[in-house]
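Student: The structure under discussion is supplied below as structure tokens; questions concerning it will follow.
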Amino acid sequence: MISVLPARSAEDFETLAGLCRRLAQWDVDASAPHGVSAADLRALFHPETSGPQLAAQFGAPDAMAFIARSGGLPAGCLAFDPFGEGMVELHRFFVDAAFRGQGIGRALMGAVLAEIDKGPARTVLIHTTFYMESAITVYEAFGFRPCAPFRDTPAHVRHTDVFLSREVPGA
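Each position in the sequence shown, counted from 1, maps to that position plus 525 in the numbering used here.
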């Protein structure tokens, strides 16, 4: 059985931190063939790896992180926080390899977008990379489409950037 719930307690944020560390390691491994160093990748895209850091970022009133569990075990995560006026950005989309193919990514995305739809945001943004093919498939299934870059990245990693956006229905 899959459950998807918001991270609320210190224990939840420690669980989230463990999932984020696994995401960071997956990203380091996947980016290596594309000329992105592990140090650059961690500094640019995975600086928050402790429970308290993640609680500060995603425990704010206008942000939230969700944890998916399968059979009670942490299986994946997805979070959002504000990005400018009327926008939020998705972060930390990860499904552990042991749990892939069970619909966990889609369950996470559905829960997060349902939460965002309740708030004032009009646009949802994603900054990802082309080698995160499974994630991009989920994003596209939920209506995300390519958009102009909304942040600058260093030239030596820019070749991996993918920027997507989705309008909030009814906004």
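In this text, a Cβ means the ideal position worked out from N, Cα and C, and glycines have one as well.
#1: According to DSSP, simplified to helix, strand and coil, what is T574?
#2: P558 to T685, Cα distance in whole Å?
#3: Exposed or buried, what is E692 when buried is set at 16 or more other beta-carbons lying within 10 Å of its beta-carbon?
#4: Could you name the residues of the same chain whose beta carbon sits closer than 7 Å to that of A563, not counting the 5 residues immediately before and after it, in chain order?
#5: Is the separation between the beta-carbon of T653 and that of A660 shorter than 8 Å?
#6: Return helix, strand or coil for T678, following the three-state DSSP convention.
#7: Could you pull the start and end residues of the alpha helix (DSSP H) that C602 belongs to?
#8: Can you name the start and end residues of the beta strand (DSSP E) that V687 belongs to?
Tutor: Taking the definition as stated:
#1: Position 49 of the sequence shown, counted from the first residue, corresponds to residue 574. DSSP places T574 in coil when its eight states are reduced to three.
#2: Counted from its first residue, the sequence shown places residue 558 at position 33. Counted from its first residue, the sequence shown places residue 685 at position 160. Taking the straight line joining both Cα atoms gives about 11 Å.
#3: The count along the sequence shown starts at 1 and reaches residue 692 at position 167. E692 comes out exposed.
#4: Residue numbering aside, residue 563 sits at position 38 when the sequence shown is read from its first letter. Excluding positions up to five away in sequence, the list reads V553.
#5: Walking along the sequence shown from the start, residue 653 turns up at place 128. Walking along the sequence shown from the start, residue 660 turns up at place 135. The Cβ atoms of T653 and A660 sit closer than 8 Å to each other.
#6: Position 153 of the sequence shown, counted from the first residue, corresponds to residue 678. Residue state, collapsed to three classes: coil.
#7: Within the sequence shown, numbered from 1, the residue matching residue 602 stands at position 77. Per DSSP, C602 belongs to no alpha helix (DSSP H); it is in the beta strand (DSSP E), L598 to P607.
#8: Counted from its first residue, the sequence shown places residue 687 at position 162. Note, V687: beta strand (DSSP E), D686 to E692.
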